[in-house]
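Chemist: Residue numbers (the working numbering): 168 to 622.
For reference, the structure I am asking about is given below.
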Ligand SMILES: Cc1cc2nc3c(=O)[nH]c(=O)nc-3n(C[C@H](O)[C@H](O)[C@H](O)COP(=O)(O)O)c2cc1C
């Protein structure tokens, strides 16, 4: 249904205070004003729109504020985003009313110096009370909207929105209705009360001293339902933007380490080579001795026949070396050896296997004695461990699972021989990589006290 809409701003020259009876002031002005259509009062179906500022003032939401920041903090339930600007700190937060807006709705404009005006405690209740008074006074059915001004993400400029409503449809759900082309609308919900608020602001203007207006022509949006402006607030679980971008990145960084779990079961889905490259690029940022970057990687993919045969050859050779240790050094029986070796081998089936290597030739110092050479080797090995952890954290952040398997550490010569590496190349096991079959299990946060050695 479309119809002409008339918006009549009503100037009120009055400095509002808690001593005022707002409903009486509104009714008095509406009775005395001259109507553009020469009518003489409210009509059935009119919507009375009033700014939250005067509602808040008459409800006593005026506070002496030594610091506006303190008032903002007091009104804030949840900080969404903050940004340091030349004018100070901008805070976007959710208030106790559920609204997400700048400065928690704390306003230092249009109020005496040294005071701030907070939002009404319950704007829907305020709207309902005003509606009852106005209807009783004029004997007609009206709606009431209480407005406030807000910025919008992605759009410059502010518009007015409804923060309180009574007797007015706040949302109009078009889902299931058909457009002129015969398409069924699937998810169009129009924020009627917000549109009314914005239209009224256009008619009254910010500086014109008209905190009140009457909207005529939208009677079809009056409702007997207990529609509330509070219902326009998007539930947190449906909000894709519940945290500012910078805050979300900080939050993500905090969780990056905890997200990595050893994953031993993978799907057959293709692992993107670019992701492995990005993980390597992160791996080599690990701290390492003497300003070296001694990290090297061999990538073996299951879906590359050359890689796959090289991988099988390596694993077969390592198995032979392992069998030789089990028989020759450990003295295990053939049955025991058979049982050990027959265990499922993740490295044969994972979509990608990466062999991390730390190369002592990349700058390890040499000493005349074994003790210091061994310590020097440890330096490089622990740096290699840090690199592998970086690597796996990045894989996890990219949605890939990984498992760090010891194997090559026990058979370094097999790896050196197969890939033509020098004696100083130290393989650091092998990392099996793929898309996780199931997400890694959550684990409780650790208590650092359990890991501290008291001096
Ligand atoms: C150097 C090293 C060698 C590992 N070797 C194996 C291995 O041979 N087989 C295996 O299943 N897991 C291996 N792991 C993975 C550990 O079992 C795993 O990290 C541990 O259970 C903790 O679980 P999380 O990685 O999910 O935190 C190894 C881990 C490290 C650091």
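For each residue, glycine too, the CB sits at the ideal point set by N, CA and C.
1. Compute the distance between the beta-carbons of residue 197 and residue 212, then report whether it is under 8 Å.
2. For residue 459, which residues from the same chain have a beta carbon less than 6 Å from its beta carbon, with the 5 sequence-adjacent residues on both sides left out?
3. For residue 425, name the three-state secondary structure that DSSP assigns.
4. Taking 7 Å as the cut-off, is the C-beta of residue 517 nearer than that to any heavy atom in ligand 1?
5. Are residue 372 and residue 315 close, meaning C-beta to C-beta below 8 Å?
6. What did DSSP end up calling residue 571 once you bin it into helix, strand or coil?
7. Where residue 387 and residue 222 are concerned, what is the direct C-alpha to C-alpha distance, given to the nearest angstrom?
8. Quick one, which of 527, 590, 332 has its alpha-carbon nearest residue 547's?
9. According to DSSP, which residues form a beta bridge with residue 134?
10. Count the other CB atoms, across all protein chains shown, that sit within 10 Å of the CB of residue 257; report buried if there are 16 or more and exposed otherwise.
11. Could you tell me whether the Cβ atoms of residue 598 and residue 523 are closer together than 8 Å?
12. Identify the residues that DSSP records as bridge partners of residue 256: which are they?
13. In chain order, what residues of the same chain lie with their CB nearer than 7 Å to the CB of residue 615, ignoring the 5 residues before and after it?
14. In whole angstroms, what separates the C-alpha of residue 240 from that of residue 610?
15. On the CB-based measure, 16 or more other CB atoms within 10 Å of its CB, does residue 250 come out buried or exposed?
16. Run through DSSP, which three-state label would residue 438 get?
17. Mind checking residue 291: buried by the 16 CB within 10 Å criterion, or exposed?
18. Given residue 572, which residues of its chain have a CB within under 8 Å of its CB, disregarding the five upstream and five downstream residues?
Modeler: On the basis of the coordinates in this document:
1. As a first step, residue 197 must be located in the chain shown, where it is residue number 30. As a first step, residue 212 must be located in the chain shown, where it is residue number 45. No. Outside cutoff.
2. Counting from 1 along the chain shown, the entry for residue 459 is found at position 292. Within its own chain, the residues whose Cβ lies closer than 6 Å to the Cβ of residue 459, once the five positions on either side in sequence are excluded, are 529, 530, listed in chain order.
3. Numbered from 1 along the chain shown, position 258 holds the residue referred to as residue 425. Here DSSP, grouped into helix, strand and coil, assigns residue 425 to helix.
4. In the chain shown, counting from the first residue as 1, residue 517 sits at position 350. For ligand 1, not one heavy atom lies less than 7 Å from the Cβ of residue 517.
5. As a working note, residue 372 is residue 205 in the chain shown. As a working note, residue 315 is residue 148 in the chain shown. Inclusion of residue 372 and residue 315 in the CB contact set at 8 Å is not warranted, their separation being larger than that value.
6. Here residue 571 is taken as the residue at index 404 of the chain shown, counted from 1. Residue 571: strand per DSSP, three-state reduction.
7. Working through the chain shown from its first residue, we reach residue 387 at position 220. Working through the chain shown from its first residue, we reach residue 222 at position 55. Going by the C-alpha atoms only, they are around 26 Å apart.
8. Position 380 of the chain shown, counted from the start, is the residue given in the question as residue 547. The shortest C-alpha separation from residue 547 is found at 527.
9. Because the chain is modelled from 168 through 622, residue 134 falls outside the range shown and cannot be assessed.
10. Against the chain shown, residue 257 aligns to sequence position 90. Exposed, because fewer than 16 other Cβ atoms sit within 10 Å of the Cβ of residue 257.
11. Counted from its first residue, the chain shown places residue 598 at position 431. Counted from its first residue, the chain shown places residue 523 at position 356. Yes, these two residues count as a Cβ contact at 8 Å.
12. Along the chain shown, one-based indexing puts residue 256 at 89. 251, per the DSSP bridge assignment.
13. Here residue 615 refers to the residue found at position 448 when the chain shown is read from its first residue. Around residue 615: no qualifying Cβ.
14. Against the chain shown, residue 240 aligns to sequence position 73. Against the chain shown, residue 610 aligns to sequence position 443. Rounded to the nearest whole angstrom, the C-alpha separation of residue 240 and residue 610 is 34 Å.
15. Taking the first residue of the chain shown as position 1, residue 250 is located at position 83. So residue 250 ends up on the exposed side.
16. For this step, residue 438 is matched to residue 271 along the chain shown. In this structure, residue 438 counts as coil in the three-state DSSP scheme.
17. Working through the chain shown from its first residue, we reach residue 291 at position 124. Its Cβ being crowded by 16 or more others within 10 Å, residue 291 is buried.
18. What you label residue 572 is simply residue 405 of the chain shown in a count that begins at 1. Excluding residues up to 5 positions away in sequence, 513, 514, 596, 597, 598, 599 lie with their Cβ nearer than 8 Å to the Cβ of residue 572 in the same chain.
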